[in-house]
Amino acid sequence: MTPSASVILWGVLLYVSAGLIIALAFVAVGAPRLIGHGAADQGPAPMTLGARLLLIPGAVLFWPLVLRRWLGEPL
Amino acid sequence: MSAGFQAVQWNGAKIRYDAILLGLVAFYLAGFILIAASLHPPTSAAGWIDLRIKAFGSCAFLMLSTVLAIGPLARLNPRLLPLLYNRRHLGVATFFIALAHAGFMVEWYLLESDIANLAGELTSWADYANFPAGFPFKALGLIALLTMLVMAATSHDYWLGFLTPPLWKAIHMGIYVGYGAAALHIALGAMQSNRHPAVPILLFALFGTVSLLHILAARKSAALDIGDDDSDGWLVVGAASDIPDGRARIVAPVGGERIAVFRDGRILSAVSNLCAHQNGPIGEGHVVDGCITCPWHGYEYRVEDGCAPPPFTEKLATYRLRLRGNLLEVQTAPLPPGTNASLTLP
């Protein structure tokens, strides 16, 4: 494998690994509290296990945004 | 509508849609493989993998073209709106078919003990300047696949709320980049290795049809915009009686967002033309039991204030209306979402 291919592959692996850790914590704890439907006064949105599992790929891809929102920053 | 979140909000229509979709995909793949194998029987394991690569790749491009054609088709002919209702399942299915296509390609390289060459092909930077003859067309396929991955991964309604509709919509417009990359992937790949005229004919027919439908739909939408922006920030809609009962007239200030002015009997109201769900063209919907109903997915908002009925929480921005003689006018500055700004005719 070429050196540049190795660098890209390791970069992707690191990004996805970090994303997976954050995504799992997010769907377990943060997701219901972070919806943007303007319903902050109504508490966390009910969310089934199936819905949480479906959110994992998106949270892995967009983990920097997820983390940012979770830390209270705007997108 | 989203009082809470489930994996999929199944109903009879979605189940029928998905059953037909899966049936058509299975029919296409089986038909492609059977016909191709009978015309040119593969003589090795790699040959069979190659056949699957072509079957799934062509199926994915056909499905992606269909996904992109449904929006303008539904705008041009409202009878096709049921196709749009569950388009996201078609989009997610397209991603999985494209993923299988890529998976078979990796399987082919593994069988040939040549996987290092695949990485080498994608990172031979000098070849990227060698367009079109030596351009690594697989990189274009990878771009298309990654684009579809982003769409599929964020297709759940949750992401629409989390990312906010404008950002979600902007991300999902990326599918056009993916479609262009997929078309180039075929033009520089399959079209070069297979000199049969059917490949370019089908490619250009699909790409041309999708492009033409978008142009026609855009022209139709532009024709809906009426009214001139008045100097005092009010826009003429026309005579209130000209708005069909239960329907809307769509107007747009110069450079501004479209506004849908609905009439429900004697009640008039103006709301943003963008549905809070997926930015669907709500002004092309109609009023059912006092609620404006989006033509895309049936999201409902009360006519008088643009609020979804409880327990739902979505709201549309509303606009002030006034009558000047016979003419109805709408103020171009939006009010906070959910503000009651309806007008009752005498």
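One line per chain: the protein sequences are A and B, in this order. Once you know that position 69 of the first sequence is 68 in numbering that gives the first Met the number 0, the rest is easy, because the numbers rise by one and skip nothing. Once you know that position 133 of the second sequence is 132 in numbering that gives the first Met the number 0, the rest is easy, because the numbers rise by one and skip nothing. No residue lacks a Cβ here, since even glycine has one placed at the ideal position from N, Cα and C.
Neighbouring residues, chain B, relative to residue i (Cβ below 9 Å)
i                : result
isoleucine 21(A) : In chain order: nothing, as chain B lies at least about 14 Å away.
Cross-chain neighbours of residue i in chain B, by beta carbon under 7 Å
i             : result
alanine 24(A) : Chain B residues near alanine 24(A): none, gap ~15 Å exceeds 7 Å.
For residue i, the three-state DSSP class (helix, strand or coil)
i                    : result
leucine 70(A)        : coil
histidine 285(B)     : strand
phenylalanine 261(B) : strand
alanine 275(B)       : coil
tryptophan 233(B)    : strand
histidine 36(A)      : Confidence at histidine 36(A) is low in this model, with a pLDDT of 44, below 50, so its placement is unreliable and the value that follows should be read with caution. The answer is coil: DSSP assigns histidine 36(A) none of H, G, I, E or B.
leucine 4(B)         : Correcting the residue identity first, residue 4(B) is phenylalanine in this sequence and not leucine. Three-state DSSP puts phenylalanine 4(B) in a strand.
cysteine 306(B)      : strand
serine 192(B)        : helix
arginine 323(B)      : strand
valine 329(B)        : strand
leucine 315(B)       : coil
glutamate 111(B)     : coil
tyrosine 298(B)      : coil
methionine 46(A)     : strand
isoleucine 242(B)    : coil
proline 135(B)       : coil
proline 336(B)       : coil
threonine 163(B)     : coil
proline 280(B)       : strand
Chain B within 8 Å of residue i, Cβ atoms only
i             : result
alanine 38(A) : Below a pLDDT of 50, predicted positions are generally treated as unreliable, and alanine 38(A), at 44, falls in that range; no measurement from the model is reported.
alanine 27(A) : no
serine 16(A)  : no
leucine 12(A) : no
proline 45(A) : yes
proline 56(A) : yes
glycine 35(A) : Low per-residue confidence applies at glycine 35(A): pLDDT is 47, beneath 50, and the placement is therefore not dependable, though the value from the model is reported in the following sentence. For glycine 35(A), the answer is yes, since a Cβ of chain B falls inside 8 Å of its Cβ.
Beta carbon proximity, residue i to chain A, threshold 8 Å
i                    : result
threonine 338(B)     : no
glycine 282(B)       : no
glutamine 277(B)     : no
glutamine 5(B)       : yes
threonine 331(B)     : no
phenylalanine 161(B) : yes
threonine 93(B)      : no
Contact set between residue i and chain A, taken where Cβ atoms lie within less than 7 Å
i                 : result
tyrosine 127(B)   : Here the premise fails: no neighbours, minimum Cβ distance about 12 Å.
tryptophan 158(B) : Gly57
alanine 115(B)    : Met0
Interface partners of residue i on chain B, CB under 8 Å
i             : result
leucine 70(A) : Correct list: empty, because the minimum Cβ distance to chain B is about 14 Å.
leucine 60(A) : Leu148, Val149, Ala152, Thr153
leucine 66(A) : Result: empty, since nearest Cβ-Cβ is about 13 Å, beyond 8 Å.
Residues that DSSP places opposite residue i in a beta bridge
i                : result
arginine 248(B)  : Val260(B)
methionine 62(B) : BP columns for methionine 62(B) are empty, so no partner.
leucine 342(B)   : Leu267(B)
cysteine 290(B)  : Val287(B), Arg301(B)
Closer than 9 Å at the beta carbon, the chain A residues around residue i
i              : result
glycine 119(B) : Met0, Thr1, Ala4
Partner residues on chain A for residue i, Cβ-Cβ distance less than 8 Å
i                   : result
phenylalanine 60(B) : By Cβ distance, chain A contributes nothing, its closest Cβ being about 23 Å from phenylalanine 60(B), past 8 Å.
threonine 122(B)    : Thr1, Ser3, Ala4, Ile7
Chain C contact for residue i (CB, 8 Å cutoff)
i                 : result
asparagine 193(B) : Going by chain labels, chain C is absent from the structure shown, which instead holds the protein chains A and B.
Should the segment 132-140 of chain B be called in touch with the segment 103-121 of chain B, which here means at least 3 C-beta pairs below 8 Å? yes
Take every Cβ of the segment 54-62 of chain A, pair it with every Cβ of the segment 144-154 of chain B, and state whether three or more of those distances are shorter than 8 Å. yes
Are three or more beta carbon pairs between the segment 327-336 of chain B and the segment 309-316 of chain B nearer than 8 Å? yes
Looking at C-beta atoms only, is the number of pairs between the segment 88-102 of chain B and the segment 35-45 of chain B that lie closer than 8 Å three or more? no
Does the segment 265-280 of chain B come within contact of the segment 58-68 of chain B, defined as at least 3 CB pairs closer than 8 Å? no
Three or more C-beta pairs under 8 Å: does that hold for the segment 65-82 of chain B against the segment 109-117 of chain B? no
Give a yes or no on contact between the segment 152-159 of chain B and the segment 40-55 of chain A, applying the rule of three or more CB pairs nearer than 8 Å. yes
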